[in-house]
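For the sequence shown, this note's numbering gives the first residue as 483, with consecutive numbering after it. Beta carbons are placed, not taken as given, at the ideal position from N, Cα and C, and that holds for glycine. Okay, so here's the structure we're looking at.
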Amino acid sequence: MSDAAGLPRLQLRRNEDRRIRQGHHWVYSNEIDTAATPLKQFAAGEQVLLCTASGKPLGVAFVNPHSLICARLLERHAGEALGAPFLRERLRTALGLRERLFGEPCYRLVYGDSDGLSGLIVDRYGEVLVVQVGTAGMERLETELIAALVELLSPAGILLRNDASVREMEQLPLYSRVAFGEVPEYLELRENGASFRVSATGGQKTGWFYDHRMNRRRVAELARGQRVLDVFSYVGGWGVQAAVAGARAVTCIDSSQPALELAAANAALNGVAERMDFRAGNAFDELHALAQAGERYDIVVLDPPAFIKRRRDQKSGENAYHRLNREAMNLLADDAILVSASCSMHLEEAALIDIVRMAAFHAGRQLQILEVAGQGPDHPIHPAIPETRYLKTVIARVHR
Ligand code: SAH
């Protein structure tokens, strides 16, 4: 069945429109009336008119019959196919927020559903944009997307980092390529007054984690004269900023040697190399070894990768957070600050607080939570899409 504008219809089962009406964008395959509109009649990435069981249109969505999330609503008020004008308008709106927030062009420019662009991430490193396309529907608009970004920002280069594993859920190939202009080997960015260089193609995700900007600043404010341990440091985001803010000594731990080499280069770039040192290894082992050696720190930052990537990792992932926080307790000076983060969407804020609470209890330490922070405002939270709120950071004082 097609509507007047020529879009095929995708019909929900009775009462399955509720979450969508309340503002969410995602439709799961078991919510489709497959008798009326069989999913397998659609090609991956096709645009459809999403309808209620009674045929009332809800808006235009991208469909992917191969994905558990089989449709994503993009636009509620249109009945026709989305293309360049849609992308231009959404990108301009996204840029408006970031320009309002930040003085320098280094930020997450597009954060998927929260910016009305489900399946799209764009990070800005000054003149260079790094794009991650996560859905077949967005992939079909790639040409229009690159053109719209060029028109909006006249970048020197655009890199497509389409190598994230989320693409596998949409049965999309994994690759990375320059989509426009020239992309240098190292991307440059500034954050909280410090400068960083990250590998364009070899870095994690898009190269930098802008989501912790505010939390890194918070730690830097507390860092003057302190001994700081930056665990899972990657290229030194927290550690270098703490050193720039006057930390007495900063140790970075990461299992990736290339990441630590960049962290060292970033320390030098900011003139704080002589106060920083770097340990390559498994964080759990390194923490244990440092504690055995009697090392103590005034600030310990735990910013691990997501230990709970999928629901089925819940138990093992929670255990990893428990072990990590317990291990960190042994390294805290008598009166110290613990910063414990989790980017696992499946770990609730209350659960993380509980993990830190139990670790302190187990170590016989007093815990005072100063702040429970989240992601920076260039990763805005969509109020109807809880999945857009993934980052939790407990900032606590731990004392005797
Ligand atoms: N704190 C960083 C981001 C961390 S990303 C920042 O603010 O930019 C996660 C990092 O953990 C990666 O650099 C990865 O190399 C590292 N990593 C993953 N597993 C690890 C482990 N078991 N031990 C030490 N580092 C690990």
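| Check | Outcome |
| --- | --- |
| Same chain only: Cβ atoms within 6 Å of His-864, ignoring 5 sequence neighbours per side | Asp-595, Ser-596 and Thr-870 |
| Rounded distance between the beta-carbons of Trp-720 and Asp-605, thought under 8 Å | About 18 Å separates the two Cβ atoms, so there is no contact after all. |
| One or two residues paired with Asp-736 in a DSSP bridge | Ala-762 |
| N-terminal and C-terminal residue of the beta strand (DSSP E) that Glu-557 is part of | 551-557 |
| Tyr-798, enclosing alpha helix (DSSP H) - first and last residue | Sequence check: residue 798 is Ser here, not Tyr. Start and end: 796-811. |
| Candidates Ala-773, Ala-746, Ala-731 and Ala-775: closest to Arg-757 by CA position | Ala-731 |
| Identity of the residue in Arg-554, Ala-560, Gly-598 and Leu-556 nearest Arg-574 by Cα | Gly-598 |
| Of the residues Val-592, Leu-813, Asp-795 and Lys-797, the one placed nearest His-770, counting alpha carbons only | Leu-813 |
| Distance between Lys-687 and Asp-499 (C-alpha atoms, nearest Å) | 33 Å |
| Per-residue DSSP class, three states only, for Val-701 | helix |
| Integer Cβ distance of Ala-765 from Val-701, believed to fall under 8 Å | Not a contact, Cβ separation roughly 18 Å. |
| Local Cβ density within 10 Å of Pro-637, reported as buried at 16 or more and exposed below that | buried |
| Within 8 Å, strictly: CB atoms of Ala-729 and Ala-750 | no |
| Per-residue burial, Leu-550 [other beta carbons within 10 Å of its own, 16 or more giving buried] | exposed |
| Which residues DSSP lists as bridging Leu-814, in chain order | Tyr-779 |
| Length at least 3, wholly inside the segment 616-655: the beta strand (DSSP E) runs in chain order | 639-644 |
| heavy atom of the ligand SAH below 7 Å from Ser-738 C-beta | yes |
| Val-509 versus Pro-740 - alpha carbon distance | 40 Å |
| Residues near Met-483 by beta carbon distance below 6 Å, same chain, minus five either side | For Met-483, the predicted structure reports a pLDDT of 48, less than 50, and the residue's modelled location is therefore unreliable. The matter cannot be settled from this model. |
| Within 8 Å, strictly: CB atoms of Arg-879 and Ile-819 | yes |
| heavy atom of the ligand SAH below 7 Å from Val-821 C-beta | no |
| The ligand NAP heavy atom lying under 7 Å from the CB of Phe-789 | No copy of the ligand NAP occurs in the structure displayed; its ligands are the ligand SAH alone. |
| Beta-carbon spacing of Val-665, Arg-643 below 8 Å | no |
| 8 Å Cβ cutoff met for Thr-875 and Asn-697 | yes |
| Backbone secondary structure at Trp-690 - three-state DSSP | coil |
| Status (buried if at least 16 other CB within 10 Å, exposed otherwise) for Arg-673 | As written in the sequence, residue 673 is Glu, which differs from the Arg given in the question. Glu-673 comes out buried. |
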